[in-house]
Amino acid sequence: MKFMSFSYPLMVLIMVLVFIGAIRWQRESVDEAEMRLLDMQVNYSVDAAVQEMLAQADNLSTDYADWGNMQLDPEVARKTYVKVLLRNIGWSETKENIEALEQNCIPFFCVAVYDGYYLWAHQDTYGYQELKNGTIVKNNTRDLIWTPKLPYTNQKYEYPMSQSDAVLYMYNIGDKTYATYRNGILKLDNILQIPRYDDDGNVTYMPTGPGSQIAARKAIADCVGTSCTNALLYGTNGASMQEISLPFSKSKWIDSNPITTPTVLTVINSPDGLFTKNDHFIYAVGGAKVDEADFCICYKRNGTKFYTHAFNRSKVVANGITILEVVTSPKKACDRGYYYDLAY
Amino acid sequence: MRQSIVSTALGVLILFLGLIVLPTYYISLIQWRNDVNTAQVSARNFIDIVIDNGYVEEGDKAWTDLSLSLASCYSTLTYTVYKEEKITNPVIEGGVVTGYETTYTYAPFDRTCQFATGDIVTIEIKQSGINTFQRLARGLLGMDFANIEVRLSGMVR
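Quick mapping for you: the protein sequence lines, in order, are chains A and B. Just so we're aligned, residue 2 is where the first sequence starts under this note's numbering, counting upward by one. Just so we're aligned, residue 867 is where the second sequence starts under this note's numbering, counting upward by one.
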């Protein structure tokens, strides 16, 4: 009976602890739900960016192994990414919203292509401005701009080590050759073959060294990962300590691939209150996929040249309109001077 | 031992908090989590089907799965789907095509609809009603669970 006096305070204490635990769980639940949704939104946006970049590429050969002839515009990828992301977060596509999103949430945007990568990030631009009195003053700004195409390189020093023994290795994605620059001489060599296995699955030959495929993938992953990490640190004024690390071979644990096709990498660093309740950091990677032709039919209606998608053919023909030509993409239709027909 | 009125009242209050208020809060939170998960997964599945196939039809798996998933939620959830068509037009200067201009415009959307590559489909799932436990939690603790909003946009492949 003498311990009965403790029962009430004990019960109150237990209920307070349970209540505090529940509130913490509630906050975690909200955070998890927001992060999961934002992750899906960013991934859909990155997929759209890669798809649109490939769709608008020039000289897109039907042989997708022929990477050398593909010319990709990274700005198309970035603009598409921003467009789709705005729709995902429910913002309208105005100049102010685009600027707010880019300045606050996108510290960098990287497009890795066949023979190099482009990085859109905060960079210092040095300029001069002339005042009204004729004085020239410095006008340095820090803008979000594209770098030129940066090659995938790796510098090593051969033994015995000295500056003259520095060798620069340059690689392309998925290529069978690589280049070396040594003592002012540029040379092309073949990439050493990938490992060979016997019938029991044991490795019989594993090439190593700077001229191997593994070394090429490592150099590509390191180049892109390091540049993106630096861009993230610079773009967040040192606030983000995240490191972008890319695999150079198929990762068993997280089932991710190395960079083997045109790829888009970006992060969303959303500050709390902008469009989510809490801070979130989401990293998204999107690779290329084989694109299919988007056939369009071209015709004249009321004297004006129009085009529409091929699946509207029955509606066009039903209106007594004669189809003049069929092309493989809306871009080709535009090249021939046809406008998109809103009637279908 | 004579029971005092104060201790009786305190006991009743503790019992009320422990047996009514806290369980109501927990149950409403669990239901909210379940509804949010279901809404996000349903939205993702719907967008995946539409952007992969480029076509939806009345009675399709996309619509039935979406409707059944949302109907199984504890709260009342409604959805709206938007379609934006990609329009590419040439920029002609002096009779020569010098570039392209791409815009997106909202297009009428039916439950049977064809999408072209590059079109954007958006689904918006919003909560329009709360269930009994959530109503109790709002009355007892002032908590508001009527805030589920899932919005996903994808580009048709």
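Backbone N, C-alpha and C fix where the C-beta goes; we use that ideal spot for every residue, glycine too.
- For ASP985(B), there is no enclosing beta strand (DSSP E), since its DSSP letter is neither H nor E.
- Taken through DSSP and simplified to helix, strand or coil, LEU943(B) comes out as strand.
- Beta-bridge annotation (DSSP): PRO974(B) is not paired with any residue.
- About 6 Å separates the beta carbons of LEU39(A) and THR277(A), which is inside the 8 Å limit, making them a contact pair.
- For MET1021(B), the CB contacts under 6 Å within the same chain, skipping 5 residues up- and downstream, are ILE986 in chain order.
- Residue-level contact check: TYR341(A) touches chain B, since one or more beta carbons of chain B fall below 7 Å from its beta carbon.
- In this chain, ARG910(B) is not harboured by any beta strand (DSSP E); it is covered by the alpha helix (DSSP H) spanning 888-919.
- Cβ-Cβ separation between ASP116(A) and ASN173(A): approximately 5 Å, consistent with a contact (criterion under 8 Å).
- For HIS281(A), no chain B residue has a Cβ inside 8 Å of its Cβ, as the nearest lies near 15 Å away.
- With 16 or more other CB atoms across the displayed protein chains lying within 10 angstroms of its CB, MET41(A) is buried.
- With 16 or more other Cβ atoms inside 10 Å of its own Cβ, TYR339(A) counts as buried.
- At a cut-off of 7 Å between C-beta atoms, CYS224(A) does not count as an interface residue with respect to chain B.
- Counting only residues of its own chain and dropping the five nearest sequence neighbours on each side, GLU97(A) has no CB closer than 8 Å to any other CB.
- Under the Cβ distance rule, GLN993(B) does not count among the residues neighbouring chain A, no pair being separated by less than 7 Å.
- Not flagged as an interface residue toward chain A: GLY1008(B), since no C-beta distance is shorter than 7 Å.
- DSSP places ARG218(A) in the helix class (H, G or I) of the three-state scheme.
- For ALA180(A), the enclosing beta strand (DSSP E) begins and ends at 178-183.
- Three or more pairs of CB atoms, one per stretch, sit closer than 8 Å, so the region 887-900 of chain B contacts the region 928-941 of chain B.
- Taking a Cβ-Cβ threshold of 8 Å, the residues of chain B close to ALA56(A) are THR983, GLY984, in chain order.
- A straight line joining the alpha-carbon of GLY288(A) with that of ASP48(A) spans about 7 Å.
- The region 221-238 of chain A and the region 98-110 of chain A touch, with three or more beta-carbon pairs separated by less than 8 Å.
- Note that the region 138-149 of chain A touches the region 116-126 of chain A; at least 3 beta-carbon pairs, one per stretch, sit closer than 8 Å.
- The region 79-88 of chain A makes no contact with the region 238-253 of chain A: fewer than 3 CB pairs, one atom from each, lie closer than 8 Å.
- When DSSP states are grouped into helix, strand and coil, ASP116(A) belongs to the coil group.
- Your pair TYR945(B) and THR988(B) does not check out as a contact, with CB atoms roughly 11 Å apart and the cut at 8 Å.
- Within the same chain, LEU87 come within 8 Å of SER93(A) by CB-CB distance, once the 5 residues on both sides are set aside.
- Annotated three-state conformation of ALA240(A) is coil, per DSSP.
- Not a single CB atom of chain A sits nearer than 7 Å to the CB of SER935(B).
- With respect to the C-alpha of VAL31(A), the residue from ARG1023(B), LEU1018(B), PHE1011(B) having the closest C-alpha is PHE1011(B).
- MET1021(B) sits in a strand when the DSSP states are folded into three classes.
- Looking at SER315(A), GLU326(A), ALA285(A), the one whose alpha-carbon comes closest to that of CYS299(A) is GLU326(A).
- Look at the region 942-956 of chain B: the residues with a C-beta under 9 Å from a C-beta of chain A are TYR948, GLU950, GLU951, LYS952, ILE953, THR954, ASN955, PRO956.
- Residue-level contact check: ASP295(A) touches chain B, since one or more beta carbons of chain B fall below 7 Å from its beta carbon.
- Chain A places a beta carbon closer than 7 Å to that of TYR966(B), counting this residue as a contact.
- Closer than 7 Å to the CB of ILE880(B) there is at least one CB belonging to chain A.
- Linking THR178(A) to SER935(B) through their CA atoms gives a straight-line distance of about 52 Å.
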